[in-house]
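Novice:
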Amino acid sequence: MCCCGVTNVAAEHAGPGGLVVVACCKEKRVTTAPVPALDLYEGWVVPLIRDRVTEHSGLRSRVLVLSAFYGLVTADAPVSTYEQPMTEERARVLAGTAPTVLRWHLARFPSSEALLLMEPPYAQVLGPVPVARTRLITDPMVRHAEIHAVLDSWSWP
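For what it's worth, our numbering labels the leading residue of the sequence shown as 3, then goes sequentially.
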């Protein structure tokens, strides 16, 4: 808190560096009530990321989910089951909002590195990620060791 009583949000949320942005997938829990975004998806590489941050709420703030339906949301944003593929039209719509959400999130939770786990159409929605180093993994199902190595380098449990 500065002399004016204003809290520095970035300093308040300082912690292990790095930001993970993971794309949604077809395999979802069937829900009757909204659940946190990171808990909705059951397939692709989402369970790997969820397992790394489940018992560490501070790290969940360093995970974003890019949903074809909801757009770019935090790991704990309430979402419900849906069916929406990432079409070209949907990607154009989300490209109008996702970069702004990403910049807002990075202002609140500064990171010098980002790990993007998504296919190219999702990465195009995000546009350039304003961090010093960005790693894009478009085939994460066969690159678990590389994902773990990145998260380990950030001192994630």
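We treat Cβ as the ideally placed atom computed from N, Cα and C, and that holds for glycine.
Please state whether the Cβ-Cβ distance between Ser113 and Val144 is less than 8 Å.
Specialist: No, Cβ-Cβ distance for Ser113 and Val144 is not below 8 Å.
Novice: Check Tyr43 in the structure and name its three-state DSSP category.
Specialist: Strand at Tyr43.
Novice: So is Thr76 buried or exposed if we call it buried at 16+ other beta carbons inside 10 Å?
Specialist: With 16 or more other Cβ atoms within 10 Å, it is buried.
Novice: What residue range does the beta strand (DSSP E) around Val144 cover?
Specialist: Per DSSP, Val144 belongs to no beta strand (DSSP E) and is neither H nor E.
Novice: Here's the rule: buried if 16 or more other CB atoms are within 10 angstroms of the residue's CB, otherwise exposed. What is Lys30?
Specialist: By the neighbour-count rule (16 or more Cβ atoms within 10 Å), Lys30 is buried.
Novice: Alpha carbon to alpha carbon, how far is His146 from Leu117?
Specialist: Between His146 and Leu117, the C-alpha separation is close to 13 Å.
Novice: Work out the CA separation of Leu42 and Leu61 for me, nearest whole Å.
Specialist: In a straight line, the C-alpha of Leu61 is about 17 Å away from that of Leu42.
Novice: May I ask you to report which of helix, strand or coil DSSP gives Ala79?
Specialist: The answer is coil: DSSP assigns Ala79 none of H, G, I, E or B.
Novice: Please report the residue range of the beta strand (DSSP E) in which Ala25 lies.
Specialist: Ala25 -> beta strand (DSSP E) spans Leu21 to Ala25.
Novice: Counting along the chain, where does the beta strand (DSSP E) carrying Glu115 start and finish?
Specialist: Note, Glu115: beta strand (DSSP E), Glu115 to Leu119.
Novice: State the Cα-Cα distance for the pair Ile139 and Glu91, rounded to the nearest angstrom.
Specialist: Each residue's Cα considered, the two are about 23 Å apart.
Novice: Please report the residue range of the beta strand (DSSP E) in which Ser69 lies.
Specialist: First-last of the beta strand (DSSP E) with Ser69: Val65 to Ser69.
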